[in-house]
Amino acid sequence: MSDAPEETLDPADWEELRALGHRMLDDMVDYLRDVRDRPVWQPPTPAAHALIAGPLPRDPSPAGAVYDDFRAAILPFPTGNTHPRFWGWVMGTGTPFAMLADMLASGMNAHVAGYDQAASHVERQALDWLKELLGFPLGAGGLLVGGGSMANLLGVATARHARAGFDIRANGLQADHPALVLYASTETHSWVQKAAELLGIGTANLRRIAVDAEFRMDPAALRAAIAADRAAGRRPFCVVGTAGTVNTGATDDLVALREICDAEGLWLHVDGAFGALAALSPAHRDRVAGLGGADSLAFDLHKWMYLPFEAGCVLVRDAAVQRAAFALTPSYLRPVGRGPAAGPMEFADVGVDLSRGFRALRVWMSLRHHGSDTFGRLIGQNIEQARYLAARIDAEQELELLAPVAMNVVCFRYVPTGPTRAGDALDALNTEVLLRLQESGVAVPSSTSIGGRFAIRVAITNHRSRRADFDLLVSEVLAHGRAVARLAT
Ligand SMILES: *Cc1c(COP(=O)(O)O)cnc(C)c1O
């Protein structure tokens, strides 16, 4: 037996840690309060790189010194998604209150596989509130996960279990069965390819159905594809509808997709990563009509509910099917009737993760503190801001909308006056305009391709944006556009 002194990771001086913690809290509150005064984005400096790098730290450093390095090298260099003029990709802004909730969750360090503990009750309650908000029955199954990609993967995995027509858990896809076919649209987010690959469907059996002029899946083309696959001896099993596509914010006709799935005996999975949350706004919920008809629905709380990363959610109408797709009980997890592990591992049994953190706390506390109506109003505000921006673009001769504004996504480009330019030249010009805008630190939209043309894309999932921020965006795009166009002539 060694007589070396025993160690712990707790501080030697709790009061010193307390003082540092108070400093951290003060700094972060200032940081969020003053976010508007900083550039949206700036690249990490070489000095920051150097501070972050360094040899493997085998020996301790004082907590205060490590925190100083965080303040100098990490905190000043985000992508910018907490800023009022960040509209790139689809990222939420986070909230000050949820930041505090995260500290509490981390302090409790709950392992939320199940167990008789408050954290599990909190997750169950948060899921029940989300079901109610999105039109799912209270008896539906649900799980909080890291994000939309995982939530969608689990939804399609449940579909595969429910509709394969053979015991997928026993045989996988190794036995001699007809190929399973998954349907999505050409606008479906790239998670669907990952899911098709991971679930053994294969991209050869992932049909990308054409969309109409409003970027919604064409139901007639879907019907035809299903019929062709059946005729060829394959087995259609699931249709993926989208509420709020990543490119343009379009929502498929979910009622029509439901009818097709009913007629064909297929599972309807809906990817509502951000768009599903439009259901929280009474003024706009009809934009995502039919959500509640899905067999499974995936969405993110870290996008249009503005919560800090990461929080996604999958809901499954038939809780028993969700459990049947994933549950298993090794001896070390067998319920023992009493104590903390009296029941089954209710959350581990409906997904992939066993060790799971307490992400439910930020959802539960945020809903309690802000109220779901507040989120609904903010979502409505973002949709109104998208309309406002679209109107500003329409009113400018040198700006052109590239897609209908269905919800909170605006795709547009700068088109100089004077001689008409070739499409490629406009793409290059707008790429330069976007990069200058991002690098200026004034605003961060992102880009996409609409009908093969480069688009500046503004996706508004930001509770800090104000109309004046969109006015500034318009004037900056015009100024950069004119400057770049002058260079190009
Ligand atoms: C963001 C997004 C996803 C992926 O969600 P993550 O949370 O980033 O994993 C899927 N679908 C759509 C429509 C999205 O916007």
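Numbered according to the numbering used here, the sequence shown spans residues 14 to 502. Cβ atoms here follow ideal geometry from the backbone N, Cα and C, with glycine treated the same way. Treat the numbers as computed from the prediction; the structure is a model and nothing was measured.
Any non-hydrogen atom of ligand 1 within 8 Å of residue i CB
i	result
Lys144	no
Val471	no
Ser162	yes
Phe339	no
Trp100	no
Asp265	no
Gly257	yes
Ala291	no
Asn165	yes
Thr315	According to the sequence shown, residue 315 is His rather than Thr. His315 Cβ: within cutoff of ligand 1.
His202	yes
Glu227	no
Gly325	yes
Val365	no
Gly254	no
Val376	no
Asp77	First, the amino acid is wrong: residue 77 is Gly here, not Asp. Not under cutoff, so the answer is no.
Ala118	no
Ala286	yes
Gly152	no
Gly168	no
Straight-line gap, residue i to residue j (C-alpha atoms, nearest Å)
i	j	result
Ala292	Ala32	44 Å
Ser478	Ala403	15 Å
Glu411	Leu64	45 Å
Asp386	Leu156	23 Å
Gly185	Leu367	21 Å
Pro321	Phe371	13 Å
Ala131	Arg369	14 Å
Arg49	Met112	18 Å
Glu227	Arg221	16 Å
Ala441	Ala123	50 Å
Val497	Val455	17 Å
Gly34	Arg449	38 Å
His382	Arg390	15 Å
Ala399	Glu200	20 Å
Gly67	Ala61	11 Å
Leu341	Ala183	13 Å
Phe250	Leu281	9 Å
Val457	Glu277	44 Å
Asp331	Asp308	7 Å
Phe388	Glu323	18 Å
Ala419	Thr261	7 Å
Arg98	Gly305	33 Å
Asp299	Leu270	16 Å
Glu19	Leu290	51 Å
Gly384	Trp142	11 Å
Val205	Asp16	57 Å
Whether residue i touches residue j by CB criterion (9 Å)
i	j	result
Val490	Val423	no
Gly154	Leu328	yes
Asn475	Tyr319	yes
Leu167	Ala311	yes
Phe339	Thr171	yes
Trp317	Gly105	yes
Phe179	Ala192	no
Arg243	Ala177	no
Ile469	Ile396	no
Ala408	Ala501	no
Own chain partners of residue i with C-beta closer than 7 Å, once the 5 adjacent residues on each side are dropped
i	result
Val135	Ala373, Leu374 and Trp377
Ala354	Tyr128 and Pro348
Gly393	Ser294, Ala296 and His297
Gly77	Leu33
Asp231	Ile222, Ala223, Val224 and Asp225
Gly246	Pro191
Nearest-angstrom beta carbon gap, residue j and residue i [assumed within contact, 8 Å]
i	j	result
Trp102	Ser453	Between Ser453 and Trp102 the Cβ distance is about 19 Å, and since that is not below 8 Å, they are no contact.
Leu195	Val259	Their Cβ separation, rounded to whole angstroms, is 18 Å, which puts Leu195 and Val259 out of contact at 8 Å.
Val301	Ala256	4 Å
Pro109	Leu45	5 Å
Leu219	Ala197	7 Å
Asp266	His202	With 8 Å as the limit, Asp266 and His202 do not qualify as a contact, their Cβ atoms being about 18 Å apart.
Cβ neighbours of residue i in the same chain (closer than 8 Å, five flanking residues each side left out)
i	result
Gly436	Gly465 and Arg466
Ile181	Arg173 and His174
Gln55	Pro89, Phe90 and Gly454
Neighbourhood of residue i by C-beta distance below 6 Å, restricted to the same chain and skipping five residues each side
i	result
Val268	Gly303
Ile463	Leu415, Ala416 and Cys424
Ala86	Ala61, Leu64 and Ile65
Val158	Ala164 and Gly325
Arg405	Val487
Ala209	Leu195, Thr216 and Leu219
Trp513	The structure shown does not extend to residue 513, since the chain is modelled only from 14 through 502, so no value can be given for it.
Residue i CB to nearest heavy atom of ligand 2 below 8 Å
i	result
Val103	With respect to ligand 2, the structure offers nothing, as its ligand set consists of ligand 1.
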